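Below: the structure, in structure tokens.
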Amino acid sequence: MLRVGAVRGFRLAPGRALNQGEVAALLDACAAAAGARDAAIIALLLGGGLRRSEAVALTLADYSPETGLKVRGKGDKERLTYIEGGAALALADWIAARGDWPGSPTLPGA
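Here the numbering used here is used: the first residue of the sequence shown is 1131, the next is one more, and so on.
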């Protein structure tokens, strides 16, 4: 039998924060009506501090313009996140465009 050395794993380097120019470029790319969903997702991630998994797990029932966004995070813990300003406008625009059918506001057909 051959001796094979152990393979060491590695961690990915932590991400970095986007600068204002990068955020503006992302949102500008979503300016057309076809980009309303993407703008809402970006706004939720940045404005609401959501993790990717939290954003895709949302349902329309989790959002109320009056009280904010009910988010289920790590460990299935629930928290209330307030969505204000541009993030609230982007989310409202997307909800108006997609209609009020139940399911995920971030995933079409879900």
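Virtual Cβ for every residue (Gly too), placed ideally from N, Cα, C.
Just so we're clear, the structure is a prediction, and the values are computed from it rather than from any experiment.
Around the C-beta of Y1212, are 16 or more other C-beta atoms found within 10 angstroms, so that it is buried, or is it exposed?
In the sequence shown, residue 1212 corresponds to position 82, counting from 1. Flag for Y1212 reads exposed.
Are the segment 1199-1206 and the segment 1168-1184 touching, with three or more C-beta to C-beta distances below 8 Å?
yes
Cα-Cα separation between G1215 and A1166, rounded to whole angstroms
Looking up residue 1215 in the sequence shown gives position 85. Looking up residue 1166 in the sequence shown gives position 36. Whole-angstrom Cα-Cα distance: 16 Å.
Are the CB atoms of A1220 and A1169 nearer to each other than 7 Å?
Your numbering for residue 1220 matches position 90 in the sequence shown. Your numbering for residue 1169 matches position 39 in the sequence shown. Going by C-beta atoms, A1220 is nearer than 7 Å to A1169.
Where does G1198 sit, in a helix, a strand or coil, going by DSSP?
Locating residue 1198 in the sequence shown gives position 68, counting from the first residue. Correct three-state label for G1198: strand.
Is the beta carbon of I1172 closer than 7 Å to that of L1156?
Residue 1156 sits at position 26 when you count from the first residue of the sequence shown. Residue 1172 sits at position 42 when you count from the first residue of the sequence shown. Yes, these two residues count as a Cβ contact at 7 Å.
Pull up the CB-CB distance for L1176 and V1153, whole angstroms please, since I reckon it's below 8 Å.
For the purposes of this step, residue 1176 is taken as the residue at position 46 of the sequence shown. For the purposes of this step, residue 1153 is taken as the residue at position 23 of the sequence shown. About 6 Å; that satisfies the 8 Å criterion.
With 16 as the cutoff for other CB atoms within 10 Å, does V1134 come out buried or exposed?
Here residue 1134 is taken as the residue at index 4 of the sequence shown, counted from 1. That one is exposed.
Cβ neighbour criterion (16 or more within 10 Å) applied to L1188
Taking the sequence shown and counting its residues from 1, one reaches residue 1188 at position 58. So L1188 counts as buried.
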